[in-house]
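Each remark here refers to the structure printed beneath this line.
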Amino acid sequence: MFVCWKSIFFLFLCLKYLLAETSELIFEAEKQPGNLKVHSRSNASNKKVVYLLPGKTLRLDLCIANNSSLRMMGFRYSIDGKATVVLVNIDNQQLQSFSISGHSKGGELWNVFRDSGPARKPLFLSEGIHFLDIHINSNETQGIEIDHLTIMTDNPYISEDLMSCRLSCFHELDKAEPVKKDHTRRSDLVTLIQRSFPTKCAEQDNIDIAFIHASVKKYRVTPSYPRFDSMLNNRGAMFKDCFSISQSQLWLLKGKPLDPEHNVVMNINSFVLKLTKSRLYKFIIFFPLKGKMSGVIDADIGSNFTVKLKKISRPLYINMTYNGRNSKLSELQHRKFSPRTLKGVWSIPDFTWSESNINAIFLILVSDEDQLVIIDEISLVRRPERGETVKPLYQSLNTILEGVNVDFWWRRPKTMSVILEGTKFDNIDFIRLSKRVLGSSDTSQVFVLYQDGNARTLPPLLHGVDWLPFGSSVILGPTNLSSFRPFADIEVFKIVRVEPTLIAVIQYYDNSSANIEVISNRTQTQILVYNISMASVSTFLPFIRFRSMWIKDGLSDVDHIKIDGDKGLHILSTWRILRARNVRFYRSCESKHLSMSPNIKIEILK
């Protein structure tokens, strides 16, 4: 469905997605409508269950956007009492009855869960609202507790929130738009290449679409509000299932000299050591780290190495040295341990570790007396980051322009210089432009440009809205088509003027260049990029990339793409390559994630 490049990682993700013609949705019982009692159970999937008694009904609202095939795969339940029969109805018609065997152990079995098994019949539901009801067909029972229900659907895009009517879709937005006949030559069309992959992490940009043309000279990027009627404005980050995002703890050896999750190994078999005063004990810890190629900072930022002992009876010294990107061992550093001082910490400078080679830490234990040493844990964590340092560049009644230095920026040691009225500001990692909200003293960000070429933009604030979240973004400038985290390193941002519109010349590290104008008024924000000069052959080199996130409809920053006004395509449907001059990225469904983040339109002008 999307381009499977010559990479094992991308190939695995592609195959996983292509084979997923159905979607399995899990509906937590405690989130469904009704006045059933909710109990806490430690073994429940969400730590909560509903208590279903005779005469009560657990109802699931089903909002079906298109005629669909569904199959109830069962429900997860617990019982501590007599056997019973559970009936499942759809729109007041019986779908199936489930015989539930009795089990009793004085209440202990309420936390032991079982699976009902699937319904025999599939469901064919027409577009509209349907009701799935579960109730007990017996009065001689203490009831059952239900953890969740599982439904299989032939719609691979839909989320639980959409099907259970908590969010809505507006598919009329996907209809083709009336447009004037376009006489554009095929050679003038821009090629869009799908580079996206599936994810479960809402903070990962898995939507990646590259725009390629051999001689483009001018284009425009315009953000706009979602086009459906909704007051939903969720703005917080969602880190659930974000296991791929780099964590501050790089690895941990706890109780044993092995961390399989992070591929860390040590050349000893146990953390219980018998030291004698007549010899030195030498140990080595081997570990890999990810860096720029994976879009993270672990191999570049400094770190703190910690050894924590559980038990010693006499003082001892631990000497530490290491190598990473430099094959030469570092200077030996020692820490003294005693029965009252069981922890030692070593600070490792920035740009020490290697992304391409295995790193090593060497430990030498020295004791003046024979003793038993028990190691509690050994760990490596990223050093604390100092955050952002703001450099004011320009301020007037209507406009604020700031440069920001980030500790730790992922492209370092590369940074951006900003030149304004002959003054050069070095070590800038991004700039942000804010405009005053008319009729108010408040300001609102409308444009942010990072040193890696990533640009975020927002439409002007509507009255009554205090702030909007950024969502989808674009990378302005030449990028490597196969990069996992694409970048277009900016060396100099030379400002021509700040008001009434921001105009600047962007100079990239690869000697490419472009002019940029940011236009923001009461009705809209636009980014105009022109005088584009690519230093390398641009036939296969993207000049702009669209970046966003999609997990499911209802949990995304984009879910559709529209080409030259044609009927909307799903952002991860069957297309691999498209050609167009005007491209609109938008959501046709409400989203729990950054609900009011903007749609993005990219227009090729020349």
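Here the sequence shown stands for residues -20 to -1, 1 to 586, numbered as in mature numbering (1 follows the signal peptide of the UniProt record, and there is no 0).
No residue lacks a Cβ here, since even glycine has one placed at the ideal position from N, Cα and C.
Please list the terminal residues of the continuous alpha helix (DSSP H) segment that includes residue i.
| i | result |
| --- | --- |
| Leu142 | 140 to 143 |
At what residues does the beta strand (DSSP E) containing residue i begin and finish?
| i | result |
| --- | --- |
| Glu357 | 351 to 362 |
| Asp432 | Taken as a continuous stretch (DSSP letters only), Asp432 belongs to no beta strand (DSSP E), as it is neither H nor E. |
| Trp326 | 323 to 328 |
| Ile6 | 3 to 8 |
| Met132 | 124 to 133 |
| Leu296 | 296 to 303 |
| His83 | Looking at the DSSP string, His83 is not in any beta strand (DSSP E), and its letter there is neither H nor E. |
| Arg39 | 37 to 44 |
| Ile380 | 379 to 387 |
| Glu365 | Taken as a continuous stretch (DSSP letters only), Glu365 belongs to no beta strand (DSSP E), as it is neither H nor E. |
| Tyr261 | 261 to 267 |
| Gly108 | 108 to 116 |
| Lys291 | 283 to 291 |
| Arg146 | Note, Arg146: premise wrong, no beta strand (DSSP E); not H, not E. |
| Met529 | Careful: Met529 lies outside any beta strand (DSSP E) and carries neither H nor E. |
| Ala494 | 493 to 500 |
Note down, in chain order, each residue of its chain lying with its Cβ closer than 7 Å to the Cβ of residue i, except the 5 sequence neighbours on either side.
| i | result |
| --- | --- |
| Glu107 | Ile44, Ala45, Asn46, Asn47 |
| Val196 | Val170, Ile512, Phe523, Ile584 |
| residue 623 | No answer is possible for residue 623: the residues shown for the chain start at -20 and end at 586. |
| Lys288 | Leu322, Lys323, Asp356, Glu357 |
| Ile281 | Asp330, Arg362, Arg363, Phe388 |
| Ile6 | His128, Thr130, Glu140 |
| Glu120 | Lys62 |
| Ala182 | Met218, Met529, Ile531, Leu535, His573 |
| Gly123 | Tyr31, Leu32, Leu33, Pro34, Ile116 |
| Ser347 | Leu255, Lys257, Arg294, Leu296 |
| Val245 | Leu238, Phe266 |
| Ile543 | Leu558, Ala560, Val563 |
| Leu185 | A quick correction: the sequence has Asp, not Leu, at residue 185. Closer than 7 Å at the Cβ level, and outside the excluded window around Asp185, lie Arg527, Ser528, Met529. |
Check whether the Cβ of residue i lies closer than 7 Å to any heavy atom of the ligand MG, and answer yes or no.
| i | result |
| --- | --- |
| Ser274 | This structure does not include the ligand MG; it has no bound ligands of any sort. |
Got a sec? Which residues, its chain only, sit under 6 Å from residue i by beta carbon, not counting five neighbours each side?
| i | result |
| --- | --- |
| Phe55 | Ser96, Ile126, Leu129 |
| Ile277 | Phe388, Trp390 |
| Asn214 | Lys572, Ser575 |
| Val386 | Glu368, Asp409 |
| Asn434 | Ser453, Ile455 |
| residue 654 | Residue 654 is absent from the model: the chain starts at -20 and stops at 586. |
| Ser500 | Lys415, Val426 |
By the 10 Å Cβ neighbour count, where 16 or more other Cβ atoms means buried, how is residue i classified, buried or exposed?
| i | result |
| --- | --- |
| Glu140 | buried |
| Ala515 | exposed |
| His314 | exposed |
| Thr379 | buried |
| Asp188 | buried |
| Ile541 | buried |
| Asn579 | buried |
| Phe223 | exposed |
| Thr519 | exposed |
| Leu377 | exposed |
| Ile109 | exposed |
| Asp432 | buried |
| Gln375 | exposed |
| Val447 | It is Trp, not Val, that sits at residue 447 in the sequence shown. By the neighbour-count rule (16 or more Cβ atoms within 10 Å), Trp447 is not buried but exposed. |
| Met273 | exposed |
| Phe266 | exposed |
| Gly457 | buried |
| Arg564 | buried |
| Ala156 | exposed |
| Tyr566 | buried |
| Ala99 | buried |
| Gln74 | exposed |
Which residues in the same chain have their Cβ closer than 8 Å to the Cβ of residue i, if we skip the five residues on either side of it in sequence?
| i | result |
| --- | --- |
| Lys27 | Ser20, Arg21 |
| Tyr205 | Pro439, Leu442, Met576, Pro578, Asn579 |
| Ser144 | Phe7, Lys11, Gln12, Leu40, Asp41, Leu42, Cys43 |
| Thr505 | Thr202, Pro203, Val426, Phe427, Thr437, Leu438, Pro439, Pro440, Val498, Ile499 |
Below 8 Å on the Cβ atoms is my guess for residue i versus residue j; work out the distance and round it to an integer in Å.
| i | j | result |
| --- | --- | --- |
| Ile338 | Pro268 | 6 Å |
| Pro466 | Arg561 | With a Cβ gap of about 22 Å, Pro466 and Arg561 do not count as contacting. |
| Met529 | Asp537 | 5 Å |
| Phe104 | Ser49 | 6 Å |
| Gly548 | Asp154 | 3 Å |
| Thr437 | Ile507 | 6 Å |
In the DSSP assignment, what are the bridge partners of residue i?
| i | result |
| --- | --- |
| Gln73 | Ile70 |
| Tyr199 | Val509, Ile584 |
| Lys220 | Answer is none; Lys220 lacks a bridge partner. |
| Val517 | DSSP, once it has assigned bridges, lists no residue as partnering Val517. |
| Cys569 | Cys149 |
| Met53 | None; Met53 has no bridge partner. |
| Arg559 | Thr171 |
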